[in-house]
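As numbered in mature numbering (1 follows the signal peptide of the UniProt record, and there is no 0), residues -25 to -1, 1 to 461 make up the sequence shown, in order.
A quick write-up on the structure given underneath.
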Amino acid sequence: MILQKNSSACFLCFLLTFLPLPCHIHSSLQKHSKGQTLMDMVCEHLNLLEKDYFGLTFADTDTQKNWLDPSKEIKKQMRNSQWHFAFAVKFYPPDPSQLTEDITRYYLCLQLRDDMLSGRLPCSFVTHALLGSYTVQAELGDYDQDDHGSDYVNDFRFAPNQTRELEERVMELHRTYKGMTPAEAEINFLENAKKLSMYGVDLHHAKDSEGIEIMLGVCANGLLIYRDRLRINRFAWPKILKISYKRSNFYIKIRPGEYEQFESTIGFKLPNHRAAKRLWKVCIEHHTFFRLVSPEPPPKGFLVMGSKFRYSGRTQAQTRQASALIDRPAPHFERSTSKRYLLSRSLDGGESGKGCPTTNFWIRTEIQSCSSNTECPSGIQGRESVVSPLTITAENVTSATTTQVTKTVKGGYSETRIEKRIIITGDDDVDQHQALAMAIQEAKQQHPDMLVTKAVVIRETESPTEELQGEGPFTCLCPGATSLSH
């Protein structure tokens, strides 16, 4: 990260890594901007209004996940020289059906699919197959033997150790979902996922009073204790009177039971002081979000004992009230993480980038001062055109590919953009999806270190009648991704 102290504004280039390709956001941000400013920019790009369930994470010096505090300046929270953020679900709604918009449920589905694939959300074989079948229905729609064939789920990933048996069971279930819409499939997915024991549980490594390794899990209902992947205790939020930490120790004060007279305090040992504070903050945020009607105001004054941290966002109750007031047409978005997603989404920062589907929600940021002192010259360094053949498997079809390579140096960075224009002419109807898929495959094979960011189909006809009938040649514009080099 390069940031000049005398610069009042910074230019950030966000690289949101949506599988299978990244999405760019270009915007200016004041160097004293708070985390909420960045969060609002990301949610606006994703066309997300119910954003209180989500957040941005970053890794600190010991590679532990931290949530970006929206009420504090970004630069004061970062210890690393490079700013790497991840967009993720922070508060898993206990009842996803109460979410107002389909796009919110879709992002929640993608997070849960990533949780399952990474092992954070363990599932049985039966559950993996059921949830996987709803995923396929949401992405591909009804099963069609002519379109899908026999092995149409090979590109999907449902489980950490996926087997052929699982894929066959997924296909068997998927073929029974005739007429189920993508939104209905995602609702069914969430209704089954929310019943899993590890749904929405944020785990933290710790040791008990006897020095035995355990895991502390924070969720919407309270604090959970795990040993050897088995839950051995549960403390609901109403039973917890106080949560605190001191150095690397984490404490919870428990309300006396029905046959008890005194309160009790249970202590746990965390790896270090930062881990204890991190767990304490996560507990405070979850308790406030799910249990309170409105967040508590931060303490004022100079003589304040302990931390001043308070959850500053809206609670679940406030979020539901705000969601009930949403008045807009249902946003359109593509429910696809396969190669077909390349065909219909422009990722160059335009309007079509809104509502981009995500799977990992990773964000990589590179920040640079507006007033750069680089000595690199700006402008076009070179441009070349190459013509190469492209084979299309159809009768009476010919094609030619023109490649243009543009290199520029701007702000100390070298940018290479490769644009391929493929003109396909034929007497019969041309399979556009097949042609585009082959064009993209060729571009990726020729430039494996780059990514395809845009694919546009332009149909050229001799008359409006031919255009309505879908005849005539079409042009495929398939530019490669921008590559930044030092």
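Every residue, glycine too, gets a C-beta built ideally from N, C-alpha and C.
Given the structure is predicted, the values throughout are model-derived calculations rather than measurements.
Through-space distance from residue j to residue i, alpha-carbon basis
| i | j | result |
| --- | --- | --- |
| A250 | Q11 | 23 Å |
| T36 | R54 | 7 Å |
| N208 | E147 | 39 Å |
| L115 | Y127 | 10 Å |
| L199 | D27 | 23 Å |
| L254 | K170 | 24 Å |
| Q52 | V17 | 18 Å |
| F225 | L300 | 40 Å |
| C258 | I215 | 11 Å |
| R339 | S298 | Confidence is the limiting factor: at R339 the pLDDT is only 40, short of 50, which leaves the residue's position unreliable and the question unanswerable from this model. |
| D117 | G242 | 53 Å |
| H125 | E143 | The identity of residue 125 in the sequence shown is Ser, whereas the question assumes His. Taking the straight line from one Cα to the other gives about 9 Å. |
| V193 | E260 | 10 Å |
| R139 | T38 | 35 Å |
| C98 | L106 | 10 Å |
| E19 | M155 | 30 Å |
| K256 | D15 | 22 Å |
| Q137 | Q120 | 23 Å |
| L302 | Q236 | The sequence shown places Asp at residue 302, rather than the Leu named in the question. Distance between the alpha carbons of D302 and Q236 is about 52 Å. |
Of the listed residues the options, nearest to residue i (C-alpha basis)
| i | options | result |
| --- | --- | --- |
| F29 | S8, T38, F62, K9 | F62 |
| L87 | I207, R139, F133 | F133 |
| V76 | V17, K51, Y118, E25 | Note that residue 76 is Glu in the sequence shown, not Val. Cα-wise, what sits closest to E76 is E25. |
| G94 | P135, R310, D122, Y81 | P135 |
| S269 | R285, V257, A104, W255 | R285 |
| G288 | P45, N22, D15, V17 | P45 |
| Y152 | T240, T138, D121, Y109 | Y109 |
| K6 | K50, N22, D15 | K50 |
| F308 | Y82, Q120, Y118, D117 | Y82 |
| R310 | Q236, A113, V176, D177 | A113 |
| G197 | K217, H20, E185 | K217 |
| S172 | E185, R206, D183 | R206 |
| V176 | D302, H20, V64 | V64 |
Own chain, CB closer than 7 Å to residue i, minus 5 neighbours either side, in chain order
| i | result |
| --- | --- |
| Y174 | Y67, L96, A168 |
| V111 | V128, F131, V145, H149 |
| K47 | K9, G10 |
| F100 | L141 |
| Q293 | S269 |
| I189 | A181, K182, D183, I200, Y201, R202 |
| D90 | L96 |
| Y234 | none |
Cβ-based neighbour list, residue i, same chain, cut-off 8 Å, excluding 5 preceding and 5 following
| i | result |
| --- | --- |
| L92 | R132, F133, A134, P135 |
| R80 | P71, L74, A158, E161, I162, L165 |
| A34 | K40, N41, N55, H59 |
| Q223 | The sequence given here has Ser at residue 223, not Gln. Hits under 8 Å: K244, L245, P246, N247, H248, A250, A251. |
| T263 | P270, E271, R285, Y286, T290 |
| E238 | L216, K228, I229, R230, P231 |
| L13 | L4, L31, L43, I49, F60 |
Contact belief for residue i with residue j at Cβ below 8 Å, rounded distance in angstroms
| i | j | result |
| --- | --- | --- |
| Y220 | K252 | 6 Å |
| W212 | R295 | Actually they do not touch by this definition, with Cβ atoms about 18 Å apart. |
| residue 471 | A195 | It is not possible to answer for residue 471, since the shown part of the chain is limited to -25 through 461. |
| R202 | I187 | 7 Å |
| R141 | H103 | The residue asked about is misnamed: residue 141 is Leu in this sequence, not Arg. The pair is a contact, with the Cβ atoms about 6 Å apart (cut-off 8 Å). |
Contacting residues, own chain, Cβ-Cβ under 6 Å from residue i (five flanking each side not counted)
| i | result |
| --- | --- |
| L191 | H179, A181 |
| H123 | none |
| T240 | Y226, K228 |
| K314 | Note on K314: pLDDT 34, under 50, position unreliable in the model; the coordinate value appears next. None. |
| F210 | G197, L198 |
| E185 | none |
(message) Report the start-end ranges of each beta strand (DSSP E) in the stretch 42 to 119 that is 3 residues or longer and not cut off at the edges.
(response) 58 to 64
(request) Enumerate, from N- to C-terminal direction, the unbroken beta strand (DSSP E) stretches of 3 or more residues contained entirely within the stretch 230 to 277. (result) 239 to 244
(request) Pick out the complete alpha helix (DSSP H) segments inside the stretch 143 to 218, 4 residues or longer, and give them in chain order. (result) 157 to 168
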